[in-house]
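Colleague: Line by line, the protein sequences are chains H and X.
Residue numbering for the first sequence follows this note's numbering, starting at 126 and increasing by one per position.
Residue numbering for the second sequence follows this note's numbering, starting at 126 and increasing by one per position.
First the structure, then my questions, so here it is.
Number of protein chains: 2
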Amino acid sequence: MIEKNTEEKIVQAAEKVFIEKGLAGARMQEIADEAGINKALLHYYYRSKEKLFEVVFKLAFKSFVPNLVKAFDGPEDFFTKIERFVETYLNLIEKNPHIPIFIINELSKNPNRLVSLISYLNIDIQPIFDVIEEEIEKKTIKQIEPQELIINILSLCVFPIVAKPMVQTILFKGYESEYNALMKKRKSSIAQFVISAIKN
Amino acid sequence: MIEKNTEEKIVQAAEKVFIEKGLAGARMQEIADEAGINKALLHYYYRSKEKLFEVVFKLAFKSFVPNLVKAFDGPEDFFTKIERFVETYLNLIEKNPHIPIFIINELSKNPNRLVSLISYLNIDIQPIFDVIEEEIEKKTIKQIEPQELIINILSLCVFPIVAKPMVQTILFKGYESEYNALMKKRKSSIAQFVISAIKN
DNA sequence: GTCTATAAGGTGATAGAC
DNA sequence: GTCTATCACCTTATAGAC
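Here it is, written out as structure tokens:
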């Protein structure tokens, strides 16, 4: 195990606590404990709770959203792209299952956080729109708004994860193993569902 | 305007503040102000913040989840049921757009809240499973796990609402009018998408 | 039932020694 | 850079008058 410097330890501890508890529920004391230091040092490196939160939020956002655009790059056939995207994205979410709800919730409480991030990351989804519209013109898929197709794919990937407690309890009588089994199947079945829906 | 009694005023104020700020972010003082009373009275009627929150959470949950089951009742043709369900549910969400993220987020922070609710509301989704399996047997729709079909429909309805800030900013360059236009279209297009995906 | 006042303990942030 | 001690304020909850 490599010895991390203090700044790294703080960010890592802050990620854990903020993502688990949210901005309002997190405590600077808990972050300090998690990092194995004291509160004063937190304020020495990051001036305030809000500033430290912004660092964590930006990291979480960066790890999820821009990859989305990249996954639609590549030379494959359109349907293969969808298959690959779903699998890649579900694997990413599987490794960090609490990040989507963290981002969604903090943005719903303060949508302004996006403004600075968007210009900073300069996400450009026009290429994805172009690819979809091209397929529509080629008549390989049915008429659909590019935005709507993207929303549909994302919905099917993200919602079952963020709503896991409800899905598992209500649809699977609380059995996590059955929930997990379906989530594993979905790595391929989501793409099949989408392709069936749009194929001409 | 009918004069409400104190208990009603408190619950209504608590709903507003808790749903907007979440359990951790809400303040008893703000709820008291919103209700036009003082903090002491809050504790007189509901012993603690947690107890008051439980009342609000139960109300929010009750207003959303059980209706879901009822919407799949009725004599119509299966595809019409899906159409009617999506439209009904989207109208419900449109009127209370912050409740889904509230429920999802508070459950992700404390999944135990579900346990008491489930037995209390005794939600039985078996009838929906039966309807779906019947359609599969009749070969009107493709083979699919009933749970997965339900998840897919719910995902398409709920996700775009809870992720509104992101969807609006990234997919619609921030224009709320374009976001709203698509959401309006989705009252029918979600069902069409699902039906295309499963139809035999 | 409703209020004012206050207790009791947290919470973010800083001062100052080392 | 890192620590202890402490400030100033906030927050839930209760006591007690009316």
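Just so you know, even glycine gets a beta-carbon here, dropped at the ideal spot from N, CA and C.
1) If you run the structure through DSSP and keep just helix, strand and coil, what is residue 248 of chain H?
2) Have a look at residue 302 of chain H and residue 249 of chain H and give me their C-alpha separation to the nearest angstrom.
3) Using alpha carbons as the reference points, say which of X:231, X:195, X:200 lies closest to residue 181 of chain X.
4) Give me the chain H residues within the contact set of residue 297 of chain X, using Cβ-Cβ distance strictly less than 9 Å, ordered along the chain.
5) Going straight from the alpha carbon of residue 260 of chain H to that of residue 216 of chain X, what length do you get?
6) Nearest to residue 202 of chain H by alpha carbon, out of H:265, H:308, H:288?
7) Taking the alpha carbon of residue 173 of chain X as the reference point, which residue from X:135, X:279, X:323 has its own alpha carbon closest?
8) Does the beta-carbon of residue 133 of chain H have 16 or more other beta-carbons within 10 angstroms, so that it is buried, or is it exposed?
9) Using a Cβ-Cβ cut-off of 6 Å (strictly less than) and excluding sequence neighbours within five positions of residue 281 of chain H, which residues of its own chain qualify?
10) Of all Cβ atoms in chain X, is any one closer than 8 Å to the Cβ of residue 126 of chain H?
11) What residue from X:162, X:228, X:252 has the CA that sits closest to residue 283 of chain X's CA?
12) In this structure, how does DSSP classify residue 266 of chain X when only helix, strand and coil are distinguished?
13) Could you give the distance in angstroms between the alpha-carbon of residue 175 of chain H and the alpha-carbon of residue 324 of chain X?
14) Is DSSP giving residue 309 of chain H helix, strand or coil here?
15) Is there a Cβ from chain X that is less than 8 Å from the Cβ of residue 153 of chain H?
16) My output table needs one value for residue 324 of chain X: the three-state DSSP class, helix, strand or coil.
17) If you draw a straight line from the alpha carbon of residue 194 of chain X to that of residue 293 of chain X, how long is it in whole angstroms?
18) State the Cα-Cα distance for the pair residue 251 of chain X and residue 163 of chain H, rounded to the nearest angstrom.
19) Just checking: is the beta-carbon of residue 294 of chain H within a distance shorter than 8 Å of some beta-carbon in chain X?
20) Can you find a CB in chain H that lies within less than 8 Å of the CB of residue 203 of chain X?
21) Would residue 243 of chain X and residue 271 of chain X be called neighbours here (beta carbons separated by less than 8 Å)?
22) Under the rule that 16 or more other beta-carbon atoms within 10 Å means buried, what is residue 219 of chain X, buried or exposed?
23) Would you mind giving the Cβ-Cβ distance between residue 290 of chain H and residue 225 of chain X, rounded to the nearest angstrom? I have them listed as a contact below 8 Å.
Modeller: Checking against the coordinates, here is how it stands:
1) Locating residue 248 of chain H in the first sequence gives position 123, counting from the first residue. Coil.
2) On the first sequence, position 177 is the one that residue 302 of chain H refers to. On the first sequence, position 124 is the one that residue 249 of chain H refers to. Each residue's Cα considered, the two are about 38 Å apart.
3) Sequence index remark: in the second sequence, residue 181 of chain X carries index 56 (1-based). Among X:231, X:195, X:200, the Cα nearest to that of residue 181 of chain X is on X:231.
4) Here the question's residue 297 of chain X lines up with position 172 in the second sequence. Neighbours of residue 297 of chain X on chain H, chain order: 272.
5) Taking the first sequence and counting its residues from 1, the one referred to as residue 260 of chain H is at position 135. Taking the second sequence and counting its residues from 1, the one referred to as residue 216 of chain X is at position 91. Between residue 260 of chain H and residue 216 of chain X, the C-alpha separation is close to 32 Å.
6) As a first step, residue 202 of chain H is located in the first sequence; it is residue number 77 there, counting from the start. The candidate whose alpha carbon is nearest that of residue 202 of chain H is H:265.
7) Against the second sequence, residue 173 of chain X aligns to sequence position 48. Cα-wise, what sits closest to residue 173 of chain X is X:135.
8) For the purposes of this step, residue 133 of chain H is taken as the residue at position 8 of the first sequence. Label assigned to residue 133 of chain H: exposed.
9) Along the first sequence, read from residue 1 onward, the residue named residue 281 of chain H stands at position 156. Closer than 6 Å at Cβ, skipping near neighbours: 315.
10) Numbered from 1 along the first sequence, position 1 holds the residue referred to as residue 126 of chain H. Reliability fails at residue 126 of chain H, whose pLDDT of 47 lies under 50, so the model's placement of it is uncertain and no value is given.
11) Looking up residue 283 of chain X in the second sequence gives position 158. Cα-wise, what sits closest to residue 283 of chain X is X:228.
12) Locating residue 266 of chain X in the second sequence gives position 141, counting from the first residue. Strand at residue 266 of chain X.
13) For the purposes of this step, residue 175 of chain H is taken as residue 50 along the first sequence, with counting starting at 1. For the purposes of this step, residue 324 of chain X is taken as residue 199 along the second sequence, with counting starting at 1. Rounded to whole angstroms, residue 175 of chain H to residue 324 of chain X spans 50 Å at the Cα level.
14) Numbered from its first residue, the first sequence carries residue 309 of chain H at position 184. Reduced to three states, the DSSP call for residue 309 of chain H is helix.
15) For the purposes of this step, residue 153 of chain H is taken as residue 28 along the first sequence, with counting starting at 1. No, no contact with chain X.
16) Reading the second sequence from its first residue, position 199 is the one you call residue 324 of chain X. Reduced to three states, the DSSP call for residue 324 of chain X is strand.
17) Taking the second sequence and counting its residues from 1, one reaches residue 194 of chain X at position 69. Taking the second sequence and counting its residues from 1, one reaches residue 293 of chain X at position 168. In a straight line, the C-alpha of residue 194 of chain X is about 30 Å away from that of residue 293 of chain X.
18) Locating residue 251 of chain X in the second sequence gives position 126, counting from the first residue. Locating residue 163 of chain H in the first sequence gives position 38, counting from the first residue. Taking the straight line joining both Cα atoms gives about 53 Å.
19) Position 169 of the first sequence, counted from the first residue, corresponds to residue 294 of chain H. Closer than 8 Å: yes.
20) Numbered from 1 along the second sequence, position 78 holds the residue referred to as residue 203 of chain X. Output row for residue 203 of chain X: interface = no.
21) Within the second sequence, residue 243 of chain X is the residue found at index 118, counting from 1. Within the second sequence, residue 271 of chain X is the residue found at index 146, counting from 1. Not a contact, by the Cβ cut-off of 8 Å.
22) Locating residue 219 of chain X in the second sequence gives position 94, where the first residue counts as 1. Exposed: under 16 other Cβ atoms inside 10 Å.
23) Counting from 1 along the first sequence, the entry for residue 290 of chain H is found at position 165. Counting from 1 along the second sequence, the entry for residue 225 of chain X is found at position 100. At roughly 13 Å, the Cβ-Cβ gap does not stay under 8 Å, so residue 290 of chain H and residue 225 of chain X are not in contact.
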